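S.K.:
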Amino acid sequence: MAKFLDKFKCFAAFTLAETLIVMGIIGVVAALTIPNLNSSTADKEKVAKVMKAYSDISDAIGRAEAVYGPVNEWQQLDTNETSQIKRLGERITEFMKTSKTCGMNKSQGCIGRKIYDKTSNEFIFFNLAGDSSDWGYKVILADGMSLSISVVYGPGDWLFLYDIDGPNKGASMLGKDIFSFTIVRNSSPTELRPDPRTLTTSLNSCFQAGFCTEWVVNNGNLDYLKADTSGKCPNGKVLSETVTSCK
752 MAKFLDKFKC FAAFTLAETL IVMGIIGVVA ALTIPNLNSS TADKEKVAKV MKAYSDISDA
812 IGRAEAVYGP VNEWQQLDTN ETSQIKRLGE RITEFMKTSK TCGMNKSQGC IGRKIYDKTS
872 NEFIFFNLAG DSSDWGYKVI LADGMSLSIS VVYGPGDWLF LYDIDGPNKG ASMLGKDIFS
932 FTIVRNSSPT ELRPDPRTLT TSLNSCFQAG FCTEWVVNNG NLDYLKADTS GKCPNGKVLS
992 ETVTSCK
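In terms of the numbering used here, the sequence shown is residues 752 to 998.
#1: Exposed or buried, which one is Asp868 when buried takes at least 16 other CB atoms within 10 Å?
#2: Quick one: Cα of Met802 to Cα of Asp979, how far?
#3: Specify the secondary structure class of Ser939 as computed by DSSP and reduced to three states.
#4: Whole angstroms are fine: how far does the CA of Lys983 sit from the CA of Gly907?
#5: Starting from Ser850 and walking both ways along the alpha helix (DSSP H), at which residues does that stretch end?
#6: Is the beta carbon of Ile843 closer than 8 angstroms to that of Ala804?
#7: Just the C-alpha distance for Arg864 and Pro918, rounded to the nearest angstrom, thanks.
#8: The alpha helix (DSSP H) spanning Thr933 covers which residue range?
#9: Taking Lys797 as the reference, which of Met847, Arg944 and Leu976 has the closest Cα?
#10: With H, G and I counted as helix, E and B as strand and the rest as coil, what does DSSP make of Lys988?
#11: For Lys988 and Val994, what's the separation of their Cα atoms in angstroms?
#12: Which same chain residues, not among the five before or five after Gln826, have their C-beta less than 6 angstroms away from its C-beta?
#13: According to the Cβ coordinates, are Cys853 and Val890 closer than 8 angstroms?
#14: What number of angstroms, rounded off, separates the C-alpha of Thr849 from the C-alpha of Asp894?
#15: Taking only the alpha-carbon atoms, compute the straight-line gap between Asn955 and Gly961 and give it to the nearest angstrom.
#16: Please list the segments of the beta strand (DSSP E) lying wholly inside the region 792-868, counting only runs of 3 or more residues, in order along the chain.
#17: If you measure between the beta carbons of Ile915 and Met896, is that distance less than 8 angstroms?
#18: Which residue or residues does DSSP assign as beta-bridge partners of Phe911?
#19: Given a threshold of 16 other Cβ atoms within 10 Å of its Cβ, counted over all protein chains shown, does Leu990 qualify as buried or as exposed?
#20: Would you report the Cα separation of Phe877 and Gly887, rounded to the nearest angstrom?
#21: Go to Val968, then tell me how far its alpha helix (DSSP H) extends in each direction, as first and last residue.
#22: Assuming the contact rule is C-beta atoms closer than 8 angstroms, Leu839 and Ile900 should be a hit. Round their C-beta distance to whole Å, please.
#23: List the whole-angstrom C-beta distance separating Arg936 from Trp909, where the pair is believed to meet the contact cut-off of C-beta under 8 angstroms.
#24: When DSSP labels each residue in this structure, what does Leu892 get in the three-state scheme?
#25: Quick one: what's Pro945 bridged to in DSSP?
Encoded structure:
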């Protein structure tokens, strides 16, 4: 009987050791994979938000034009750009679900005060659409996203600046939680596009500054955040028009 118990103890001890080894391996694998899974899930959620923003603004523009006529005719009713932005904002957001409207007023909390590029530098021109300025028509949408409607300096196109995390959350960084769409001024029919058209002539605008809305819409990922300013991924791949993932 004693010999049997000794053998049983040895067997049990060996089984426990095996169990601990297996648990250790599982722990290591989990530690390596769970952060990647979380990151992948977060990226997919952001992509979904960007696509929703694109769909919603397209729908709102179409419905507004059905009532008020083509966007390129609206500006004829106003003599200055501020009133043009206000009219554009009022007419388009009329067909969007909002939880708060700040309008042209500043410091009302509808969107963050400062916008940063991919290198964490303030992007001054987009700050004009932020909460510290009265240059943009600002709202918080029912889905929690912030929207500021303004104008792009240079071509004068209409700017729709989204913070997909909502006001005062996240990094307020281009390509991370700040994404933009534009209506090309005087376009007929109305041309809505991702990113200001002057900044999409090359992928450098995405890799270096963060104007990556077009990348997200076309490729359905945020892999540019894994790449350096030349588009090179950690695994050596270089993102391009044909190489659209770091995987």
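Glycine included, C-beta positions come from ideal geometry on N, C-alpha and C. The structure presented is a predicted model; accordingly, all values stated were derived computationally and were not measured.
M.R.: Short version:
#1: buried
#2: Going from the Cα of Met802 to the Cα of Asp979 covers about 24 angstroms.
#3: coil
#4: 33 angstroms
#5: Annotation for Ser850: no alpha helix (DSSP H) segment contains it, though the beta strand (DSSP E) segment containing it runs Thr849 to Gly854.
#6: no
#7: 9 angstroms
#8: Going by DSSP, Thr933 is part of no alpha helix (DSSP H) but of the beta strand (DSSP E) stretching over Ile929 to Ile934.
#9: Leu976
#10: coil
#11: 8 angstroms
#12: Gln835
#13: yes
#14: 8 angstroms
#15: So the alpha carbons of these two residues sit roughly 9 angstroms apart.
#16: 849-854
#17: yes
#18: Ile900 and Phe932
#19: buried
#20: 10 angstroms
#21: Thr964 to Asn970
#22: 6 angstroms
#23: Yes, Arg936 and Trp909 are in contact; Cβ-Cβ is about 7 angstroms, under 8 angstroms.
#24: strand
#25: Phe932
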